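Residue numbers (this note's numbering): 883 to 1463.
The C-beta atom is built at its ideal place from N, Cα and C for all residues, glycine as well.
Source: prediction; values computed, not measured.
Taking it in order: structure first as structure tokens, then the write-up.
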DNA sequence: GCCGTTTTCGGCCCGACTGTTTTCAGTCG
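Put into structure tokens, the structure is as follows:
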């Protein structure tokens, strides 16, 4: 697939064009083109071969020609020309908070700055502060921006950002005059990582609320503080900083503001374009018709209703197909639908709590079933169980099940898929388990000499009649480890054909499958299982991250194993074994 | 550069905050 590469090149062209002072709408066309190409599931090369490129939204005559040129020459002529004229280190400078295309172009032209090192030099020797349009204050901000970029460059995982957002929300609620606070932005959309936290606040006096907010103990730096808006950074445990923005609006605008600050940006642009076509105006204060008459604004659903649309769950505001009006959002899976967790560890391997403790904690969450899935023998670091220990563990799980009323405890295991594609336990032992999660932990890199590829290993595991589910299929760790190179189409097809479940691992460090892959699996008819992979009772509460990932994939309740009734669940597990044997 | 159920030309989302060029351009979300 050339899609990702073409998207990257379009984005690069947009960056460079922006620096040349090109018409911003032309710049935007390249950005829009990059987004469309990136979101496309079809292969761009195939579309090009059939001359259908212009059927893609945002791809017109010009961009289509670029794609054809790229396929023939492996490059884009417009980009080559731009790169001859502009130094390669320049676009990076636009990532510095406070520096945009105009200022970067200016320091390049006036001070021959070609990259980050040059910029640091002209800051240090005082030449930047002398430049027209720059002053001591803005140079100080730019210097801070560089430090921010270098230390906090990466986006923050949802599992870090959301609890922090909730803490700040609760603190804001205790500020005098504040009536309501909602988390907006990518945290509300349930994106796996967030760039900053957005909080929306209903109050009459914005200035006092913003002042109180910027004085919170968590605040490290104040970036802006005005009558309706405040912007700060807060420190994270690893010494990085996360930006938090607060907006204060009156009651009658709260819904419009929540809609606006939830995004995504592309979703909002689509909605605003619809408004413009109707000669309306949509901004964060409300939806106004041509006579400035207020059509909506107090609540979010009212905004969508004005466009004859249902309220759209934030997780799906991705500018994909959610505004088509063809969606049944009622059937979307929700956290309340989840009634079981089928992947958790105990003290038998590397967990912190006993079978009984995990069961009691799951019962408190209202679950009807759990599966205990400790590690198999090859996961030595995780205290994986030998065959003998596993046999005893199954007995212990069954005994705990008899003792514990009100919840069914399945005897399961998380069985390693070995480098040669075989499983870490013999079939006779797997047959004794009620539920088997098969996962790759060892040798996640490319298959070495004589070894199978990760795809072949996964396909081999799917073929085993006793494997119920593939655990964390791509093995990625957000911001820390790249996913394995998998042929997801082949895996999804094999899983669908054999009634093998694929996991959405709900641990915020993993979120694996990610939502795009989950969407692909659902389209192929695969049943997904959302599990926490809990190593303690507290980890069971990470289920919410898995559920938002499923919702981002537009998963219905019927697509999720964990939302089934006890009978339907067991039936589904048995189906795999019947079909395979 | 893209796009069209008012348009194939003339539009293209909208407002807040900041620093400095002291009346507004640049940046950001």
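Taken in chain order, the complete alpha helix (DSSP H) segments of 4 residues or longer contained in the region 936-1023 are 943-955, 959-967, 972-975, 983-993, 998-1006, 1009-1012.
A direct Cα-Cα distance of roughly 21 Å separates residue 1245 from residue 1455. The Cβ neighbour count for residue 1263, taken over all protein chains shown within 10 Å, is under 16; the residue is labelled exposed.
The Cβ atoms of residue 1395 and residue 1356 sit closer than 8 Å to each other.
One alpha carbon belongs to residue 889, the other to residue 1403, and they sit about 24 Å apart. Rounded to the nearest whole angstrom, the CA to CA distance from residue 1149 to residue 997 is 34 Å. Under the three-state reduction of DSSP output, residue 1066 falls in the strand class. Per DSSP, residue 1159 is one residue of the alpha helix (DSSP H) stretching across 1147-1159. A distance below 7 Å between beta-carbons, with the five flanking residues on each side excluded, links residue 946 to the following residues of its chain, in chain order: 935, 936. The straight-line gap separating the alpha-carbon atoms of residue 1387 and residue 1266 is approximately 20 Å. In this structure, the straight-line span from the alpha carbon of residue 1236 to that of residue 1188 is close to 53 Å. Taken atom to atom, the span from the alpha-carbon of residue 1102 to that of residue 1114 is near 7 Å. Our two residues, residue 1192 and residue 1160, have alpha carbons roughly 18 Å apart in a direct line. The way I'd put it, the region 1332-1351 does touch the region 1371-1386; three or more beta-carbon pairs between them come closer than 8 Å. With fewer than three CB-CB distances shorter than 8 Å, the region 909-923 does not count as touching the region 1000-1013. A distance below 7 Å between beta-carbons, with the five flanking residues on each side excluded, links residue 1180 to the following residues of its chain, in chain order: 1133, 1134, 1136, 1137. Apart from the 5 residues on each side of it in sequence, residue 1314 sits with its Cβ closer than 7 Å to the Cβ of 1276 in its chain, given in chain order.
Within the DSSP secondary-structure output, residue 1253 pairs in a beta bridge with 1292.
By the C-beta criterion, the region 1412-1423 is judged to be in contact with the region 1221-1237, since at least 3 inter-stretch pairs fall below 8 Å. Of the other Cβ atoms in all chains shown, fewer than 16 fall within 10 Å of the Cβ of residue 907; this residue is therefore exposed.
In the structure shown, residue 1178 adopts extended strand secondary structure according to DSSP, grouped into three states. Residue 1398 holds the alpha-carbon nearest to the alpha-carbon of residue 1074 among 898, 1398, 1415. Sorting 1185, 1064, 1203 by C-alpha distance to the C-alpha of residue 1434 places 1203 at the top.
Put simply, of 1064, 1251, 1068, 1059 the residue whose alpha carbon is nearest the alpha carbon of residue 1093 is 1059. In the DSSP annotation of this structure, the continuous segment of the beta strand (DSSP E) that includes residue 1115 starts and ends at 1111-1117.
Residue 1199 and residue 1284 have their alpha carbons spaced roughly 46 Å apart. Looking at the DSSP output, residue 1039 sits in a beta bridge with 1075. Residue 890 sits in a helix when the DSSP states are folded into three classes. Residue 1268 counts as exposed, since fewer than 16 other C-beta atoms from the protein chains shown sit within 10 angstroms of its C-beta. DSSP, read as helix, strand or coil, puts residue 1360 in coil. Rounded to the nearest whole angstrom, the C-alpha separation of residue 1442 and residue 1109 is 46 Å. A direct Cα-to-Cα measurement between residue 1080 and residue 1064 gives close to 9 Å. Selection 958, 931, 925, 965 evaluated against residue 898 yields 965 as nearest (Cα-Cα). In this structure the region 985-997 does not lie against the region 925-933, because fewer than three pairs of beta carbons, one per stretch, are closer than 8 Å. Beta-bridge pairing by DSSP links residue 1394 to 1387. Boundaries of the beta strand (DSSP E) harbouring residue 1125: 1123-1131, taken from the DSSP string.
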